[in-house]
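Quick notes on the structure that follows.
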Amino acid sequence: MDDAGVLRPDRPRCPWCGDDPLYVAYHDQEWGVPQHDDRVLFEFLILEGAQAGLSWLTILRKRDNYRKAFDGFDAARIARYGEADVARLLADAGIVRNRLKINASIANARAFLAVQREFGSFDAYLWAFVEGRPIRNAWQSTAELPATSEVSDALSKDLRRRGFKFVGSTICYALMQAVGLVNDHLAGCFRHSQVSRSP
1 MDDAGVLRPD RPRCPWCGDD PLYVAYHDQE WGVPQHDDRV LFEFLILEGA
51 QAGLSWLTIL RKRDNYRKAF DGFDAARIAR YGEADVARLL ADAGIVRNRL
101 KINASIANAR AFLAVQREFG SFDAYLWAFV EGRPIRNAWQ STAELPATSE
151 VSDALSKDLR RRGFKFVGST ICYALMQAVG LVNDHLAGCF RHSQVSRSP
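So that you can map any letter, position 194 of the sequence shown is 194 in my numbering, and since no number is skipped, the others follow by simple counting.
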């Protein structure tokens, strides 16, 4: 990886994913691709919150464990979790065992269902923040990548108003990048043009 965070000519891929096969696969197949499936959007919402203070690669390595522990990210089931479920999750070494984050996941499931009832889908709610179309940037190096934006500020503020937890602007911007509300692949990355052609 170039220390300046720029593309290597022998591998035109965003340098943040390094050489880890799991990270590379995530970069090549998921990151930045417009996502409209509510279950997947909920999964990313929970995982981005779990990532706070940790590396995303750490969360990717625990992702399958999260899917098992959190009932496949079924928001309706998670919304019904009680103290026994919290205790079970706190004892699960396969996830981040943080009581605040676990409690936030349950609160977020309940808030997520409320958004679905109000807007018809979480997808409709979330994509309204970018008027239904991805923001397409053309950064030249990772040094240019922002941690937040006006849109992530607005999303964070509204999510918190609705009772969501662990949804600061930085987490919201990471969510936006992950599910394609913003295309932050570097301009020279082979995925930048591919993702830009996504509907």
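All residues carry an ideal CB built from backbone N, CA and C; glycine is no exception.
query	result
When the Cα of R88 is compared with those of D74, A75, A76 and N103, which residue comes out closest?	N103
Determine, using beta carbons only, whether S169 and D153 come nearer to each other than 8 Å.	yes
Going straight from the alpha carbon of N137 to that of R61, what length do you get?	28 Å
Quick one: residues in its chain with C-beta nearer than 7 Å to the C-beta of D123, no 5 flanking neighbours on either side, listed in chain order?	H36, D38 and L41
If you draw a straight line from the C-alpha of D85 to the C-alpha of P12, how long is it?	44 Å
Just how far apart, CA to CA, sit A143 and E83?	43 Å
Can you tell which of C17, Y23 and I106 has its C-alpha closest to the C-alpha of A50?	I106
Is V182 helix, strand or coil by DSSP?	strand
Ignoring anything shorter than 4 residues or poking outside the segment 60-104, list the alpha helix (DSSP H) runs there in chain order.	75-78 and 83-90
By how many angstroms is the C-alpha of T58 removed from the C-alpha of F190?	25 Å
Using the DSSP secondary-structure output, state which residues sit across from R191 in a beta bridge.	Partner(s): none; R191 has no beta bridge.
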